[in-house]
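J.: Count the sequence shown with the UniProt record's numbering and you get residues 1 to 236, in order.
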Amino acid sequence: MTVGVLALQGSFNEHIAALRRLGVQGVEIRKADQLLTVSSLIIPGGESTTMAKLAEYHNLFPALREFVKMGKPVWGTCAGLIFLADRAVGQKEGGQELVGGLDCTVHRNFFGSQIQSFEADILVPQLTSQEGGPETYRGVFIRAPAVLDVGPDVEVLADYPVPSNKVLYSSSTVQIQEEDALPETKVIVAVKQGNLLATAFHPELTADTRWHSYFIKMTKEIEQGASSSSSKTIVS
Ligand code: GLN
């Protein structure tokens, strides 16, 4: 099995290193035809506008959309999550091109700018029940996006509490009002929809490889499912 990692910009080397630690080969993807050689794809974190411009320049969007539509496993981390979302807010006028496929609205810079980056322990029951290890996962959030709403086919894997005075406007801004004693509300930071996995944080920047092994298992399962259904077609 080889896992492609979109290598236009951002933390693609770190993803390849994490895969290597698990004995899986990660391959840098820069051209559309390279997608034909990999079982699944990781779209890394970085800066989504820059990444989108480079993807456009290399005419990668049609091939990326086709890869998603074919049911191949794709995991977007941070800027990669923005790439996979059907809808994005919190970006400049006109926005940027998206791959789409994940039925959700993402706020591009929900948690603020670089200096508001943070680490936090999050609860991810599905990850910990499948991969074992500690009960929480230490998420690294860098200029992180958040998922504001999801469609009926999207499974929420993890959410994160924010003060409910951080009011969301669907157009483009997050308005912060006076601190008061309002209860907390939650935003979504990890989701799965069929062949698509997306996290608002950066598992490739930690030593904890549980998300990578989760995605490798997802890749194996989907690959096996695809080959058994094609062999059924041959038999019938
Ligand atoms: N918010 C960033 C963007 O819009 C993503 C940040 C990241 O990938 N660390 O691209």
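Backbone N, C-alpha and C fix where the C-beta goes; we use that ideal spot for every residue, glycine too. Computed from a predicted model, the values in this text were never measured in an experiment.
With GLY133 and ALA120 assumed to form a contact (beta carbons below 8 Å), what rounded beta-carbon distance in angstroms separates them?
T.: Residue 133 sits at position 133 when you count from the first residue of the sequence shown. Residue 120 sits at position 120 when you count from the first residue of the sequence shown. GLY133 to ALA120, Cβ: 17 Å. No contact.
J.: Going by DSSP, what residues sit across from TRP75 in a beta bridge?
T.: Along the sequence shown, read from residue 1 onward, the residue named residue 75 stands at position 75. According to DSSP, which records beta bridges pairwise, TRP75 is partnered with ILE42 and LEU197.
J.: Express the C-alpha separation of PRO145 and GLU221 in angstroms, rounding to a whole number.
T.: Start at 1 with the first residue of the sequence shown, and residue 221 comes out as number 221. Start at 1 with the first residue of the sequence shown, and residue 145 comes out as number 145. If I take the Cα positions, the gap works out to 28 Å.
J.: Hey, is ILE142 close to ligand 1, as in C-beta under 7 Å from one of its heavy atoms?
T.: Counted from its first residue, the sequence shown places residue 142 at position 142. Indeed, a heavy atom of ligand 1 lies less than 7 Å from the Cβ.
J.: According to DSSP, which residues form a beta bridge with ARG138?
T.: If you number the sequence shown from 1, residue 138 lands on position 138. Beta-bridge pairing links ARG138 to ASP121.
J.: DSSP on ALA85, reduced to helix/strand/coil?
T.: Position 85 of the sequence shown, counting from 1, holds the residue named residue 85. It is a strand residue.
J.: On a CA-only basis, which of VAL68, ARG21, GLY23 and THR50 is nearest LEU41? Give me that one, please.
T.: Position 41 of the sequence shown, counted from the first residue, corresponds to residue 41. For LEU41, the nearest C-alpha among the options comes from VAL68.
J.: Can you tell which of LEU6, ASP86 and GLN25 has the C-alpha that lies nearest to the C-alpha of LEU54?
T.: Reading the sequence shown from its first residue, position 54 is the one you call residue 54. Answer by Cα proximity: LEU6.
J.: Do the stretch 94-102 and the stretch 60-79 make contact, defined as three or more Cβ pairs closer than 8 Å?
T.: Segments in contact, yes.
J.: Where does the unbroken alpha helix (DSSP H) through HIS15 begin, and where does it stop?
T.: Here residue 15 corresponds to residue number 15 of the sequence shown, with the count starting at 1. First-last of the alpha helix (DSSP H) with HIS15: 12-21.
J.: Whole angstroms are fine: how far does the CA of ALA158 sit from the CA of ASN13?
T.: Along the sequence shown, one-based indexing puts residue 13 at 13. Along the sequence shown, one-based indexing puts residue 158 at 158. Rounded to whole angstroms, ASN13 to ALA158 spans 25 Å at the Cα level.
J.: Over the uninterrupted alpha helix (DSSP H) stretch that includes ALA55, give me the two end residues.
T.: To locate residue 55, count along the sequence shown from 1; it is residue 55. Where ALA55 is concerned, the enclosing alpha helix (DSSP H) stretches over 48-57.
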